[in-house]
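Here is the structure we will look at.
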Amino acid sequence: MAERFLRDILSRRDPHGYYVIPLKPEARETLSRMRLPRDAKIVDGVDVILVKLRSRGEALKLLRILNRKGLIHVEGDESEEPLDTPFEPY
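The sequence shown begins at 1 in full-length UniProt numbering and counts up by one.
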């Protein structure tokens with residue numbers, strides 16, 4: 001399930017051509033310390049933060065980093081564990 005969710009993030013774009021990564025609100029501090037690409041857009045909400053990126057490669061890098069930290073927002077999931085993904089070292 002979790003692997004499919006992460007693949008789904010990178011398999012579709014929004015109508016404007018951006019990959020959208022949903023993050024937990026705790027990711028605000030982490031995002032403020034990161035160097036994001038110039039075209040990255042951050043939509044700050046109450047329950048979720050959306051990061052929009054044009055580049056699939058940049059989206060994949062960010063997804064890997066934030067997943068390791070357990071900051072990917074999954075609707076209905078309150079666990080602090082990172083999602084299981086095939087591209088993470090075990």
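No residue lacks a Cβ here, since even glycine has one placed at the ideal position from N, Cα and C.
Rounded to the nearest angstrom, how far is the Cβ of residue i from that of residue j, given a contact under 8 Å?
| i | j | result |
| --- | --- | --- |
| leucine 66 | leucine 23 | 6 Å |
| aspartate 39 | proline 25 | Rounded, the Cβ-Cβ distance is 23 Å, inconsistent with contact. |
| arginine 28 | isoleucine 9 | The Cβ separation is near 19 Å, so there is no contact. |
Going by Cα to Cα distance, which pick from the options is closest to residue i?
| i | options | result |
| --- | --- | --- |
| lysine 41 | Val48, His73, Asp47, Lys52 | Lys52 |
| serine 55 | Asp8, Val20, Arg4, Glu3 | Val20 |
| leucine 71 | Gly57, Glu58, Leu31 | Leu31 |
Can you say whether residue i is buried or exposed, counting buried as having 16 or more other CB atoms within 10 angstroms of its CB?
| i | result |
| --- | --- |
| glycine 17 | exposed |
| glutamate 75 | exposed |
| leucine 63 | buried |
ask   = Is it a yes or a no for the segment 26-39 touching the segment 6-13, going by three-plus beta-carbon pairs under 8 Å?
value = In short, these stretches do not touch, since the Cβ pair count stays below three.
request  = Note down, one range per segment and in chain order, each alpha helix (DSSP H) of at least 4 residues found wholly within the segment 53-77.
outcome  = Runs of the alpha helix (DSSP H) inside the segment 53-77: 56-68.
query = Curious, which full-length beta strand (DSSP E) runs of at least 3 residues does the segment 7-54 contain?
reply = Counting only runs of 3 or more, we get 19-23, 41-44, 49-53.
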